[in-house]
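Chemist:
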Amino acid sequence: MAEPLLQTDNVRKSFGGLTALDGVSLEVRAGGVAGLIGPNGSGKTTLFNVISGFAAPDVGEVRFDGARIDGLSPDRIARRGLVRTFQASLNPQAMTVMENLLLAPQQQVGEGVLAALFRPGAIRRQEDQALERAWEILAQIKLDHQADTPAGSLSGGQKKLLMMGQALMVRPKLLLLDEPVAGVNPRLIDGIVGVIRALQSQGQNFLIVEHNMQVVRRLCDSVTVLDAGQIIASGATDEVLQRDDVLRAYLARQSGR
Amino acid sequence: MIEFLTYLLTIIGIWAILALSLNLQYGLTGLVNLGHIAFFMLGAYGSTILTVVVGTNVVVGLIGGVLLAAAFGALIALPTAHLQQDYWAISTLAAAEIVRLFFKNTTIGGTYQGGPHGYSDIPQPLLDTLGNQGFGIFYLVLVAGFVALSWGLVQWLTGMPFGRALKAIREGDEVPRALGKDARWLRIRAMALGGGVAGLAGVLYAHFNAFVDPTYFKPLETFIVWSMVILGGAGNHLGALVGSLIIQAIYNSTRFLAGAVPIDADTLGSLRMVAIGVLIILVIMFLPNGLVPERVRRYAHTRRRQGSD
Ligand SMILES: Nc1ncnc2c1ncn2[C@@H]1O[C@H](COP(=O)(O)OP(=O)(O)OP(=O)(O)O)[C@@H](O)[C@H]1O
Ligand SMILES: [Mg+2]
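Chains as they are written, first to last, in full-length UniProt numbering: chain B, 1 to 257; chain Z, 1 to 309.
What follows is the structure, encoded as structure tokens:
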């Protein structure tokens, strides 16, 4: 079998006395939607931080697309094709929805000063393409009527959608979404599930952290379960979600989901 | 009177260039640079040393001064990756004083040149041909041209994807970095570009005044540039121009007020700083976005066009 797209090997991460990740070895294969679930505080976001370069692992390796990426800066990892979203909105508040989306694409000629001087045509073409794509995405995430609204004025759910829209602008090799539908209303959740499914069928790879089990069932081909910094189960979604130990880990700490 | 007016407008123009450059660094990129006057000094001293000591012509002096200031900008941007914003701000203040004290304690070009003596007889282009009054007007036109050029440059950069990325890092690194933007390299470039433009102002000042010494470049001057940017409206380049006009008018008001009010010149001199201070407090309280707030680029109108084709 081919090498996994993303692989963490025995990753450990502690904060003072607290072990957030206790030897996590995760594999994400290309060509599907992978899920990462687990109770609050089980280390999902920390694992995202380690994978995306925002936190360095104490021990262990992270490999992506055939090369080690632990120790690289977040922006370099992103330029290699691994882009993540954040659980809480950190988007530039003073920038509008559209500016946030147009910020996202990589390899923008106009981000270089000299290139900007000598290649105005290339910049215009890129901007036009980005704009066209941004309007498509805005329609999908139902923000097309608020293109010129500052991100800071959006509701909590809309901010999540904006962040996801921004990540979709990039079309990276692997997209890490940290709770993409938390705080989003049910109607729109259906829309987002549809968008992710459609992109997946076009070859977009995802790793998704999500607490909404219905969404996990509908989206994820495979699921990994973290509990207290350790992987307790991993495999096809239907099978994993039926296992007793998974249900216990989940239900013991989370009620009503 | 005409002579004073050309003088005042020239000074306003030179400071407008300074304000524009700080607006690129702070207004657009959010870099709290408290050492802005160092760029001005490096431009002024760079060009002065080249023209007076080395003996180059003014154009070479100008290019040298601008490059020196730009290089310094890139240099002080390096630690931004490791320092928190507020610590970095303090370090810029210190860096500017180091530059000033370096020139105060170094004589370059002879015993009575440089150091605390400063430099006199800095060449004033075309002074001999044009005479005093002609030179004043020529220089005003020259400065106005450079103001227009600087304004065009920062305005153009702001509208570019480059400016958009700078605006993004103004509010934190996480999202830009997660998208693959090299935040540090963006900051280095913003500091270098802003530094170069501020250096240009310094060059223009040196060849206008024909004399510079280290007392011209104290931290107070940085405060004056900041007050221009805050009053005008951080992030709006037109605001930077408006701010420099108003602040310089207050700063030079002693000249027109001296006869008109019953206060002696010394007191009046100190009062103008009080006036600027009070004005800035009022602006921060009642007009936090300044007289000409930052403008938002709108895209709603691009929608139908995109949809129809
Ligand atoms: N920067 C940090 N400093 C100290 N402790 C941290 C830090 N980041 C995470 N932790 C701790 O690590 C543990 C795992 O946190 P993490 O955010 O990864 O959980 P999570 O699985 O994403 O939870 P949730 O579902 O609530 O988002 C928690 O106990 C948290 O308090
Ligand atoms: Mg989390």
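Don't be surprised by glycine CBs; every beta carbon is placed ideally from N, CA and C. Quick caveat: nothing in here was measured; it's all calculated off a predicted structure.
Once DSSP output is grouped into helix, strand and coil, what is the label at Gln129 (chain B)?
Modeler: It is helical.
Chemist: Exposed or buried, which one is Gly35 (chain Z) when buried takes at least 16 other CB atoms within 10 Å?
Modeler: Buried, by the Cβ-count rule.
Chemist: For Ser308 (chain Z), which residues of its own chain have a beta-carbon under 8 Å away from its beta-carbon, when the five flanking residues on both sides are left out?
Modeler: Per-residue confidence for Ser308 (chain Z) stands at a pLDDT of 44, beneath the threshold of 50, marking its modelled position as unreliable; the derived number appears in the next sentence. Counting only Cβ-Cβ distances below 8 Å, and skipping sequence neighbours, we find nothing.
Chemist: So, under 8 Å CB-CB, Gly233 (chain Z) and Glu294 (chain Z) are touching, yes? Tell me the CB distance rounded to an integer number of Å.
Modeler: With a Cβ gap of about 6 Å, Gly233 (chain Z) and Glu294 (chain Z) count as contacting.
Chemist: Run the CB neighbour count on Arg124 (chain B), radius 10 Å, all protein chains shown included, and call it buried at 16 or more, exposed below.
Modeler: That one is exposed.
Chemist: Pull out every residue of the segment 283-304 of chain Z whose Cβ sits closer than 9 Å to any Cβ of chain B, in chain order.
Modeler: Residues passing the 9 Å Cβ filter: Glu294, Val296, Arg297, Arg298, Tyr299, Ala300, Thr302, Arg303.
Chemist: State the DSSP-derived secondary structure class of Tyr299 (chain Z), mapped to helix, strand or coil.
Modeler: DSSP places Tyr299 (chain Z) in coil when its eight states are reduced to three.
Chemist: Using a Cβ-Cβ distance cut-off of 7 Å, determine whether Glu111 (chain B) contacts chain Z.
Modeler: Yes, Glu111 (chain B) counts as interfacial toward chain Z.
Chemist: Quick one: list the residues of chain Z neighbouring Ser52 (chain B), beta-carbon separation under 7 Å, in chain order.
Modeler: Under the 7 Å cutoff, chain Z gives Ala178.
Chemist: Does chain Z have any CB closer than 7 Å to the CB of Arg124 (chain B)?
Modeler: No, Arg124 (chain B) lies away from the interface with chain Z (no Cβ there is under 7 Å from its Cβ).
Chemist: What residue from B:Leu162, B:Ala56, B:Phe118, B:Ser42 has the CA that sits closest to Leu72 (chain B)'s CA?
Modeler: Checked all of B:Leu162, B:Ala56, B:Phe118, B:Ser42; the closest Cα to Leu72 (chain B) is B:Ala56.
Chemist: Just confirm the distance between the C-beta atoms of Leu24 (chain Z) and Leu157 (chain Z), as a whole number of angstroms; I'd bet it's less than 8 Å.
Modeler: Right, their Cβ atoms sit about 7 Å apart.
Chemist: Under 7 Å, Cβ to Cβ, is there at least one residue of chain Z near Met98 (chain B)?
Modeler: With 7 Å as the cut-off, Met98 (chain B) counts as an interface residue toward chain Z.
Chemist: Could you name the residues of the same chain whose beta carbon sits closer than 6 Å to that of Gln306 (chain Z), not counting the 5 residues immediately before and after it, in chain order?
Modeler: Legend: pLDDT at Gln306 (chain Z) = 48, less than 50; position of this residue unreliable, no value from coordinates given.
Chemist: Under 7 Å, Cβ to Cβ, is there at least one residue of chain D near Pro161 (chain Z)?
Modeler: The structure shown contains no chain D; its protein chains are B and Z.
Chemist: Does any residue of chain Z have a CB that is nearer than 7 Å to the CB of residue 312 (chain B)?
Modeler: Since the displayed chain B opens at 1 and closes at 257, residue 312 (chain B) lies outside it and no answer follows.
Chemist: Taking the straight line between their C-alpha atoms, what separation do you get for Ser255 (chain B) and Ala249 (chain B)?
Modeler: Only weak support is given to the placement of Ser255 (chain B): the predicted model assigns it a pLDDT of 45, under 50, and the value that follows is read from those uncertain coordinates. Between Ser255 (chain B) and Ala249 (chain B), the C-alpha separation is close to 11 Å.
Chemist: Should Ala167 (chain B) and Leu175 (chain B) be called a contact, given that it needs their Cβ atoms to be closer than 7 Å?
Modeler: Cβ atoms of Ala167 (chain B) and Leu175 (chain B): closer than 7 Å.
Chemist: Check this for me: beta carbons of Ala198 (chain Z) and Ala69 (chain Z), under 7 Å apart or not?
Modeler: Yes.
Chemist: Can you tell me which of the three DSSP states Gly35 (chain Z) falls into?
Modeler: Of the three classes helix, strand and coil, the one that applies to Gly35 (chain Z) here is coil, per DSSP.
Chemist: Quick check on Phe64 (chain B) - is its C-beta less than 7 Å from some C-beta in chain Z?
Modeler: Phe64 (chain B) does not count as touching chain Z.
Chemist: Please list the residues of the segment 18-49 of chain Z that have a C-beta atom closer than 8 Å to any C-beta atom in chain B, keeping them in chain order.
Modeler: Cβ contacts with chain B: none found.
Chemist: Just the C-alpha distance for Val24 (chain B) and Ile51 (chain B), rounded to the nearest angstrom, thanks.
Modeler: Those two C-alpha atoms are separated by around 11 Å.
Chemist: Exposed or buried, what is Met1 (chain Z) when buried is set at 16 or more other beta-carbons lying within 10 Å of its beta-carbon?
Modeler: By the 10 Å Cβ count, Met1 (chain Z) comes out exposed.
Chemist: Considering only the beta carbon of each residue, do Ile188 (chain Z) and Ala16 (chain Z) sit closer than 7 Å?
Modeler: Their beta carbons are not under 7 Å apart, which means Ile188 (chain Z) does not touch Ala16 (chain Z) by this criterion.
Chemist: Would you say Lys44 (chain B) touches ligand 2, meaning its beta carbon is less than 6 Å from a heavy atom?
Modeler: Indeed, a heavy atom of ligand 2 lies less than 6 Å from the Cβ.
Chemist: Classify Asn132 (chain Z) as buried or exposed, calling it buried when 16 or more other Cβ atoms lie within 10 Å of its own Cβ.
Modeler: Burial call: exposed.
Chemist: Which full runs of the beta strand (DSSP E) of 3+ residues lie inside the segment 115-202 of chain B, going along the chain?
Modeler: For the segment 115-202 of chain B, whole beta strand (DSSP E) runs of length 3 or above, ordered along the chain, are 174-178.
Chemist: Starting from Lys167 (chain Z), find everything on chain B with Cβ-Cβ shorter than 8 Å and list it in chain order.
Modeler: Chain B residues near Lys167 (chain Z): Pro92, Ala94, Met95, Glu99.
Chemist: Is the beta carbon of Ala147 (chain B) within less than 6 Å of some heavy atom of ligand 1?
Modeler: No.
Chemist: To the nearest angstrom, how far is it from the Cα of Gly53 (chain B) to the Cα of Pro79 (chain Z)?
Modeler: When rounded, the distance between both Cα atoms is 20 Å.
Chemist: The beta strand (DSSP E) with Leu18 (chain B) in it runs from where to where?
Modeler: Taken as a continuous stretch (DSSP letters only), the beta strand (DSSP E) holding Leu18 (chain B) covers 18-24.
Chemist: Does the beta carbon of Arg187 (chain Z) come closer than 7 Å to any beta carbon on chain B?
Modeler: For Arg187 (chain Z), the answer is no, since every Cβ of chain B falls outside 7 Å of its Cβ.
Chemist: Determine whether the Cβ of Lys181 (chain Z) lies closer than 7 Å to any Cβ atom of chain B.
Modeler: Closer than 7 Å to some Cβ of chain B, the Cβ of Lys181 (chain Z) qualifies, so yes.
Chemist: Exposed or buried, what is Val278 (chain Z) when buried is set at 16 or more other beta-carbons lying within 10 Å of its beta-carbon?
Modeler: By the 10 Å Cβ count, Val278 (chain Z) comes out exposed.
Chemist: Report, in whole angstroms, the separation of the C-beta atoms of Met98 (chain B) and Ala134 (chain B), which I expect to be a contact under 8 Å.
Modeler: Met98 (chain B) to Ala134 (chain B), Cβ: 6 Å. Contact.
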